[in-house]
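Worksheet for the structure shown next.
Numbering (my numbering), first residue to last: 108 to 239.
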């Protein structure tokens with residue numbers, strides 16, 4: 108993950124230039140939350156923490172929540188080549204379940220990012236339903 112200083116904030120991006128919001132790593136037993144988003148409500152931060160940690164406990168590997176350049180939210184999972192216990196099919200099913208059950212949360216995160224970070228007009232975003 109690349110870090111660039113921007114004033115007070117450190118821009119945490121992955122190799123593709125997407126901004127990392129949070130993630131969990133089952134190999135290191137660690138959770139990461141990007142401090143640039145500390146203004147998100149604590150309840151949202153807690154829910155993201157639970158989602159990430161439960162995913163890695165159930166499926167293993169590394170789970171990451173990222174913002175795309177257009178403000179879309181991406182859920183990603185990956186595993187070490189040596190991890191023979193990681194099941195890609197189960198991980199894919201779990202990703203689909205998270206997308207369905209947490210659709211409102213993911214849409215709200217996208218709206219927040221587009222308004223707060225990309226500085227898009229909130230009125231326009233609400234009229235569009237938050238998606239394009």
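Using N, Cα and C, we set each Cβ at its ideal position, and we do this for glycine too. These figures come from a predicted structure and were not determined experimentally.
- Burial of residue 133 is indicated by the presence of at least 16 other C-beta atoms within 10 angstroms of its C-beta.
- In this structure, the straight-line span from the alpha carbon of residue 194 to that of residue 169 is close to 12 Å.
- In this model, residue 120 and residue 225 are separated by some 15 Å (Cα to Cα).
- The closest CA to that of residue 189, considering only 229, 216, 167 and 139, is found on 167.
- If the five residues before and after residue 221 are omitted, its C-beta is found closer than 7 Å to the C-beta atoms of 178, 227 and 232, all from its own chain and listed in chain order.
- Residues of the same chain with a CB within less than 8 Å of the CB of residue 140, apart from the 5 flanking positions on each side, are 128, 129, 152, 155 and 156 in chain order.
- Distances from the alpha-carbon of residue 146 to those of 229, 230, 223 and 235 put 223 closest.
- Taken in chain order, the complete alpha helix (DSSP H) segments of 4 or more residues contained in the segment 208-237 are 210-223 and 229-234.
- In this structure, the CA atom of residue 198 is about 18 Å from the CA atom of residue 210.
- The DSSP-derived three-state label of residue 130 is strand.
- If only complete runs of 3 or more residues are kept, the segment 115-202 shows the beta strand (DSSP E) at 116-120, 126-132, 137-140, 169-174 and 180-185, in order along the chain.
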